[in-house]
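S.K.:
Put into structure tokens, the structure is as follows:
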């Protein structure tokens, strides 16, 4: 049937396109978060599961590595998914909470009266600051609290 014939719904194609665009708009933030989280998991020091697998299960011989390649790819992808979805967000919880406490609740040079007036605001801001810090630590390769930084060498050997 032709598009102009009476048996064809003329509004079908635009409604399908509209729903596809709406679905794409809804999925874009989720895809962006996944993409940023994978960038964080690719950062050295953020791959606890993959580092453990490499350190304990990787053979020394190149021939054995080649033979185990069909097994290594699914194990590596599973380790990457575990690092991205479970390990990094779990490790980031403690750091995000310590950042929140340090920012909102740690006593600074404030008078007790000012602290009393700011306590309700800090209580309201705590979930927002915690969620934002946790999300930032999950998605971006921020340094962990208390992690030692490698010393910077200046000059010659």
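Residue numbers (this note's numbering): -2 to 154. We put the CB at the ideal spot given by N, CA and C, even for glycine.
1) So, are the CB atoms of residue 93 and residue 141 less than 8 Å apart?
2) Can you look up residue 107 in the DSSP assignment and give me helix, strand or coil?
3) Under three-state DSSP, which class holds residue 58?
4) I need the straight-line Cα distance from residue 131 to residue 64, nearest angstrom please.
5) Which whole-angstrom value describes the C-beta separation of residue 44 and residue 138, a residue pair presumed to lie in contact below a C-beta threshold of 8 Å?
6) Any heavy atom of the ligand FMN closer than 7 Å to the CB of residue 129?
7) Residue 85 to residue 39, Cα distance in whole Å?
8) Check whether the Cβ atoms of residue 100 and residue 126 lie closer than 8 Å to each other.
M.R.: On the basis of the data shown:
1) Residue numbering aside, residue 93 sits at position 96 when the chain shown is read from its first letter. Residue numbering aside, residue 141 sits at position 144 when the chain shown is read from its first letter. No.
2) Start at 1 with the first residue of the chain shown, and residue 107 comes out as number 110. Coil, per DSSP.
3) Against the chain shown, residue 58 aligns to sequence position 61. Of the three classes helix, strand and coil, the one that applies to residue 58 here is coil, per DSSP.
4) By one-based count along the chain shown, residue 131 stands at place 134. By one-based count along the chain shown, residue 64 stands at place 67. Cα to Cα, the separation comes out at about 40 Å.
5) As a first step, residue 44 must be located in the chain shown, where it is residue number 47. As a first step, residue 138 must be located in the chain shown, where it is residue number 141. Their Cβ separation, rounded to whole angstroms, is 11 Å, which puts residue 44 and residue 138 out of contact at 8 Å.
6) As presented, the structure is devoid of all ligands, the ligand FMN included, so that no description of it is given.
7) Position 88 of the chain shown, counting from 1, holds the residue named residue 85. Position 42 of the chain shown, counting from 1, holds the residue named residue 39. Roughly 11 Å separates the two Cα atoms.
8) Reading the chain shown from its first residue, position 103 is the one you call residue 100. Reading the chain shown from its first residue, position 129 is the one you call residue 126. Closer than 8 Å, so yes.
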